[in-house]
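So the working numbering is basically just the index in the sequence shown, starting at one, shifted up by 147.
Everything below concerns the one structure shown next.
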Amino acid sequence: MQRKRVVVLGAGFAGLHAVRVLSGRPDIEVVLVDRNNYHLFQPLLYQVATAGLEAPQIAFPIRAYLRRRSNVRFLLGRAEGADLKDQVLWVEGRPLPYDYLIIGTGSRTHDFGLPGVAQHALGLKTLDEAMRIRDRILSACEEAERTQDPERRRALLTFVVVGGGPTGVELAGALGELRRHVIARDYPSLHPSEVRIALVESAPHLLGTFKPGSRTYAQRFLERLGVELRLGERVVEVTPQGVRLHSGTFIPSHNVIWSAGVSGHPLPGLPTTRGQRVATTPALFLPEAPSVYVVGDLNYLEGPDDRPYPQVAPAAMQQGAWAARNILRSLRKEPQLPFRYKDKGSMVTLGRSHAIAEVGPLRIYGFPAWGAWLGVHLYYLVGLRNRLMVFSNWAYSYLTYDFAVRVMHHRHSFAEREGPSPQVLS
Numbered sequence: 148m149q150r151k152r153v154v155v156l157g158a159g160f161a162g163l164h165a166v167r168v169l170s171g172r173p174d175i176e177v178v179l180v181d182r183n184n185y186h187l188f189q190p191l192l193y194q195v196a197t198a199g200l201e202a203p204q205i206a207f208p209i210r211a212y213l214r215r216r217s218n219v220r221f222l223l224g225r226a227e228g229a230d231l232k233d234q235v236l237w238v239e240g241r242p243l244p245y246d247y248l249i250i251g252t253g254s255r256t257h258d259f260g261l262p263g264v265a266q267h268a269l270g271l272k273t274l275d276e277a278m279r280i281r282d283r284i285l286s287a288c289e290e291a292e293r294t295q296d297p298e299r300r301r302a303l304l305t306f307v308v309v310g311g312g313p314t315g316v317e318l319a320g321a322l323g324e325l326r327r328h329v330i331a332r333d334y335p336s337l338h339p340s341e342v343r344i345a346l347v348e349s350a351p352h353l354l355g356t357f358k359p360g361s362r363t364y365a366q367r368f369l370e371r372l373g374v375e376l377r378l379g380e381r382v383v384e385v386t387p388q389g390v391r392l393h394s395g396t397f398i399p400s401h402n403v404i405w406s407a408g409v410s411g412h413p414l415p416g417l418p419t420t421r422g423q424r425v426a427t428t429p430a431l432f433l434p435e436a437p438s439v440y441v442v443g444d445l446n447y448l449e450g451p452d453d454r455p456y457p458q459v460a461p462a463a464m465q466q467g468a469w470a471a472r473n474i475l476r477s478l479r480k481e482p483q484l485p486f487r488y489k490d491k492g493s494m495v496t497l498g499r500s501h502a503i504a505e506v507g508p509l510r511i512y513g514f515p516a517w518g519a520w521l522g523v524h525l526y527y528l529v530g531l532r533n534r535l536m537v538f539s540n541w542a543y544s545y546l547t548y549d550f551a552v553r554v555m556h557h558r559h560s561f562a563e564r565e566g567p568s569p570q571v572l573s
């Protein structure tokens, strides 16, 4: 009997969990396609951006992951589109026929169409973006030591994080720790009070998906850490010189990091709905193409509460595995099952020894939540070597109050961002 070919597009959380279910099956050939040759552990990107971890420590080679999966092969390439009628995925100009297709291309930074965001703000969705943020932070500190212009020095040492969700909160907390424990020692001519960290959130509170008590805990901790919270403030423009808010306030800054939202990253030709996501049946396949499944951040499926499932790693893992199991059921001529999301809770780290964990009605704060956060992230990180290296870096940072990785790969030049300063109202 001819083997069925399942093409899995995207080596993120959803794609890898689909491969796990389908591997070892002699009746199935699995082709995993990705534009990168590694799986990226995105929850720790912010630590790469703030010099806490090195990039390879949160990336794992896909071919190494597939070594013992004899029915799975890897194809490096950028997908350009799919012919749903003829069941062909186009990868860099070459056709890749499939019997079943699982699409897990994830999400990308959403700029909401605001002027200047794409040109002057830094996103945090890829390894390259994390490295650019780290280089920008270190370059700004180096340049601030050199300049004699107080306004330029102020803009260089102002870091604006836009978005008060988990990514923005974790990034702002890491920047606060970096200012307190690293910049103060590495740059003796820069006083910590000169380093300004502003977190801008359009809602009246941080961490909108968390309980009110958790939001208050996070807000108080960040304030104690010296993070300036701009709640209820909406960004209307990002310029080369800084950020303009809807209130008219202008924050001069050469370092704007955008974590205010994400949108789906659809394959060209797929029908999209809200947030550039792709709507599917409850069994996760396209209504017009039952052999095509959409999983992870790209999937738009509403749960029992009439709200779309969250764009988080646990949902992606569960959907990837669920789609693979439904393919197996289809091959056995069995009815496919509607997806059911099991909410395992939410966690966010705020800084040294402080985190928040919510599991059902249970809420944990402080050191116990921080320890649980460390354990969960180490457990889901792919590769024993990566786990050991990340754990050793965390232990070093905890014991020495130091960030282990402060190598600037590419020095950023701020010359092109100079220009006439707008009226400063903050």
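C-beta: ideal position from N, C-alpha, C; glycine also.
Note that this is a predicted model, so its numbers are computed, not measured.
Query: From L353, A331, L200, residue whose alpha carbon lies closest to that of E375; Result: L353
Query: Completely contained beta strand (DSSP E) runs for the stretch 273–337, where each covers 3 or more residues; Result: 305–309
Query: Contacts around V529, its chain only, beta-carbon distance under 6 Å, and the 5 residues preceding and following it disregarded; Result: H186, F207
Query: Distance CB(S616)-CB(R381) smaller than 8 Å; Result: This structure leaves residue 616 out entirely; the chain is present only between 148 and 573.
Query: Range of the contiguous alpha helix (DSSP H) that encloses R215; Result: From DSSP, R215 is part of no alpha helix (DSSP H); its letter is neither H nor E.
Query: Top-ranked residue by Cα proximity to E292, from I330, V316, H257; Result: I330
Query: S493 vs E505 beta-carbon contact at 8 Å; Result: yes
Query: Inter-residue spacing [alpha-carbon to alpha-carbon] between S573 and F397; Result: For S573, the predicted structure reports a pLDDT of 44, less than 50, and the residue's modelled location is therefore unreliable. A value from the coordinates is still provided. Going by the C-alpha atoms only, they are around 6 Å apart.
Query: Straight-line gap, V554 to A198 (C-alpha atoms, nearest Å); Result: 8 Å
Query: Cβ-based neighbour list, W520, same chain, cut-off 6 Å, excluding 5 preceding and 5 following; Result: M494, T496, A502
Query: Meets three-Cβ-pair contact criterion under 8 Å: the stretch 449–461 and the stretch 239–246; Result: no
Query: Proximal residues to D230 (C-beta, below 6 Å), its chain only, five neighbours per side dropped; Result: none
Query: Sub-8 Å separation of R132 and G224 beta-carbons; Result: Since the first and last residues shown for the chain are 148 and 573, residue 132 lies out of range.
Query: Cβ-based neighbour list, A426, same chain, cut-off 6 Å, excluding 5 preceding and 5 following; Result: T420, Y447
Query: C-beta atoms of R300 and V347 nearer than 8 Å; Result: no
Query: Below-8 Å beta-carbon distance, M536 vs any chain D residue; Result: Considering every chain present, this structure includes no chain D. It has just one protein chain.
Query: Assigned secondary structure, A345 (DSSP; H/G/I helix, E/B strand, else coil); Result: strand
Query: Sufficient close CB pairs (3 or more, under 8 Å) joining the stretch 271–280 to the stretch 322–339; Result: no
Query: Local conformation of S493 per DSSP, three classes; Result: strand
Query: Any 3 or more C-beta pairs closer than 8 Å across the stretch 523–537 and the stretch 205–221; Result: yes
Query: Three or more C-beta pairs below 8 Å linking the stretch 211–225 and the stretch 160–178; Result: yes
Query: Rounded straight-line distance, which links the Cα of L213 to that of V154; Result: 14 Å
Query: Expected contact under 8 Å - CB spacing of H412 and L433 to nearest Å; Result: 17 Å between Cβ atoms; not a contact.
Query: Rounded C-alpha distance that separates E435 from I474; Result: 16 Å
Query: Candidates I284, E289, E290, P297: closest to F306 by CA position; Result: I284
Query: E298 classed as buried or exposed, judged by whether at least 16 other C-beta atoms fall within 10 angstroms; Result: exposed
Query: Cβ-Cβ distance between Y440 and I249 below 8 Å; Result: yes
Query: Proximal residues to K151 (C-beta, below 6 Å), its chain only, five neighbours per side dropped; Result: I175, D246
Query: Proximity below 8 Å, CB of Q458 to CB of V409; Result: yes
Query: Of the listed residues V537, V177, N402, G518, nearest to V264 (C-alpha basis); Result: N402
Query: For V178, the nearest candidate out of V235, D258, A302, L191 (CA to CA); Result: V235
Query: Spatial distance of G270 from E289 (CA atoms); Result: 22 Å
Query: Presumed contact (8 Å Cβ cut-off) between G443 and G228, rounded CB distance; Result: The pair is not a contact, with the Cβ atoms about 19 Å apart (cut-off 8 Å).
Query: Three-state class that DSSP yields for E370 in the structure shown; Result: helix
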